[in-house]
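Everything below concerns the one structure shown next.
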Amino acid sequence: MSDINLPSAPLWRRLAAMVYDLFNITGISFLLAAILIPASSYLFNNGEPIGELPISVAASYFFIIIFFFYTTFWRRQKQTLGMKAWGLKIANELKPQQQLSLGQCMLRVAIGFFSIGLAGFGFWWALWDKQEKTWHDHASFTRIVFDPNFK
Numbered sequence: 001m002s003d004i005n006l007p008s009a010p011l012w013r014r015l016a017a018m019v020y021d022l023f024n025i026t027g028i029s030f031l032l033a034a035i036l037i038p039a040s041s042y043l044f045n046n047g048e049p050i051g052e053l054p055i056s057v058a059a060s061y062f063f064i065i066i067f068f069f070y071t072t073f074w075r076r077q078k079q080t081l082g083m084k085a086w087g088l089k090i091a092n093e094l095k096p097q098q099q100l101s102l103g104q105c106m107l108r109v110a111i112g113f114f115s116i117g118l119a120g121f122g123f124w125w126a127l128w129d130k131q132e133k134t135w136h137d138h139a140s141f142t143r144i145v146f147d148p149n150f151k
């Protein structure tokens, strides 16, 4: 059965997968910070400690990590580690048999951030939507589905 024919995932499963993914993203962020901050001190500040990063730099760094994390997993496996743990997959409504395009991933991440910034309203939208789709699902022509054979 094609992923597109699977039932939509309930919002609570999606949120649980996001929490799971947040732990992975946090670990990756700490690991990369342990490598990049000393390297930046050496390359750009003559080996002296940099001090505090401006909030704009830290936020950009975190956004880039999140973008690459989700894009890599969605394009390669159609699911992140959190989605796998909760039996979820991402289905491409434009081309059901193909992986997501880079543009679809970029839209999902950007609109997902926008949705979170508005008190999660883009996510809560799935509770009223007939297809149970969030704003970023609609914008990117994707759908998060639940595999009923998941154990």
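Residue numbers (full-length UniProt numbering): 1 to 151. By construction, the Cβ of each residue, glycine as well, lies at the ideal position given by its N, Cα and C atoms. Note that the structure is a prediction, hence the values are computed from the model and not measured.
Which same chain residues, not among the five before or five after residue i, have their C-beta less than 6 Å away from its C-beta?
i    : result
C105 : T71 and W74
R14  : I144
S29  : I65
L81  : N24
May I ask you to list the residues that DSSP assigns as paired with residue i?
i    : result
A139 : DSSP output for A139 lists no bridge partner at all.
F146 : L88
S2   : Paired residues: none, contrary to the question.
S115 : Its beta-bridge partners do not exist; DSSP assigns none.
If you drop the 5 nearest sequence neighbours on each side, which residues of the same chain put their C-beta closer than 7 Å to that of residue i?
i    : result
D147 : L6, G87 and K89
A126 : L11, E132, K133 and T134
T142 : I90, A91, N92, E93, L100, Q104 and R108
Provide the residue span of the alpha helix (DSSP H) that contains residue i, from first to last.
i    : result
Q122 : The identity of residue 122 in the sequence shown is Gly, whereas the question assumes Gln. Where G122 is concerned, the enclosing alpha helix (DSSP H) stretches over F121 to W124.
Below 8 Å CB to CB, which residues in the same chain sit around residue i once its five sequence neighbours on both sides are set aside?
i           : result
P49         : S41
residue 215 : A question about residue 215 goes unanswered here, because the residues of the chain that appear run from 1 up to 151.
L102        : T71 and R75
*Which runs of the beta strand (DSSP E) fall wholly inside the segment 25–112 and span at least 3 residues, in chain order?*
88–92
*So does the segment 58–72 actually touch the segment 24–39, counting three or more Cβ pairs closer than 8 Å?*
yes
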